[in-house]
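Q: Residue numbers (our numbering): 1 to 251. Before I ask anything, let me first share the structure, which is written out below as structure tokens.
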């Protein structure tokens, strides 16, 4: 049976006081969720304090990015082994903001994916199309290229230790959301692409939806057969909203 998951991506938000208040509320409410996975992906600076606060809880720690390099003269970069020092379990790679704002192409993303797995952590691989690509009806071609870059470097079996997040770029931070049917269509396509190479891997692969998920649309999205949870942006910063989204996994 596939694992269900909600991962909160705090992006460049928070401070020590706000983080503690947010996590106090989340831990108090979600620590008994059972088999469902809850992850918080926090800015690098807050990994130590959040790691400490999450000790003896069922909530996992994640990072938002990583260098593709193991070590060296890369000023300002953070390696996968550094993240593993703080018991990170998950690392987001290929988020649309990294691709669009910082010029990360499919090859760089694939190398980051491999770096995360080599350090014993699980990548959350983000894939998705822009509004222009959707309107040009090339969504599936774009996502196929994003997936194949990883498969060609790491192999399809690597997805046994990874998560995929489909994030339609046109629905991030815009208030727009793909309909459950639109999201399901792409999630099913992703699973089919993996199944072409390994059916067992495809059947156990957790695929998250990440496009303006809110507490009021999460139940309908999560009810779709190939949507296994969400990668949550803004709503992960509001305790009650994030808790409600996580609880929607159970329905």
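Built from N, CA and C at the ideal position, the CB exists for glycine as well. Computed from a prediction, not measured in an experiment: that's the story for all the values here.
#1: Among all the DSSP beta bridges, which residues are the ones paired with residue 88?
#2: Look at the alpha carbon of residue 16 and the alpha carbon of residue 47, and state the distance between them as a whole number of angstroms.
#3: Starting from residue 9 and walking both ways along the alpha helix (DSSP H), at which residues does that stretch end?
#4: Taking just the CA atoms, how far does residue 39 sit from residue 80?
#5: At which residue ranges does the stretch 28 to 64 contain complete alpha helix (DSSP H) runs of 4 or more residues, listed in the order of the chain?
#6: In chain order, what residues of the same chain lie with their CB nearer than 8 Å to the CB of residue 115, ignoring the 5 residues before and after it?
#7: Less than 8 Å separating the beta-carbons of residue 172 and residue 212?
#8: Please name the residue or residues paired with residue 123 in a DSSP beta bridge.
#9: To the nearest angstrom, how far is the alpha carbon of residue 262 from that of residue 7?
#10: Return yes when the Cβ of residue 127 is within less than 8 Å of the Cβ of residue 90, no when it is not.
#11: Using the three-state DSSP reduction, which class does residue 232 fall into: helix, strand or coil?
#12: Note down, in chain order, each residue of its chain lying with its Cβ closer than 6 Å to the Cβ of residue 202, except the 5 sequence neighbours on either side.
#13: Between which two residues does the beta strand (DSSP E) carrying residue 208 extend?
#14: Out of curiosity, what's the CA-to-CA distance linking residue 36 and residue 246?
#15: Quick one: measure Cβ to Cβ for residue 54 and residue 61, integer angstroms, because I've assumed they're closer than 8 Å.
#16: Quick one: what does DSSP say residue 166 is sitting in, helix, strand or coil?
#17: May I ask you to report which of helix, strand or coil DSSP gives residue 262?
#18: Apart from the five residues on each side of it in sequence, which residues of its chain come closer than 7 Å, Cβ to Cβ, to residue 130?
#19: Suppose you measure from the CA of residue 141 to the CA of residue 176; what does that come to, to the nearest Å?
A: Concretely, from the data shown:
#1: Note: residue 88 sits in no beta bridge, so no partner.
#2: 11 Å
#3: Run containing residue 9: none in the alpha helix (DSSP H); it sits in the beta strand (DSSP E), 5 to 9.
#4: 17 Å
#5: 47 to 54
#6: 66, 67, 68, 69, 70, 79, 80
#7: yes
#8: 91
#9: Look at the range of the chain in this structure, 1 to 251, and you will see that residue 262 is not part of it.
#10: no
#11: strand
#12: 191, 194, 195
#13: 206 to 209
#14: 8 Å
#15: 6 Å
#16: strand
#17: Because the chain here runs from 1 to 251, residue 262 falls outside it and cannot be looked at.
#18: 169, 170
#19: 22 Å
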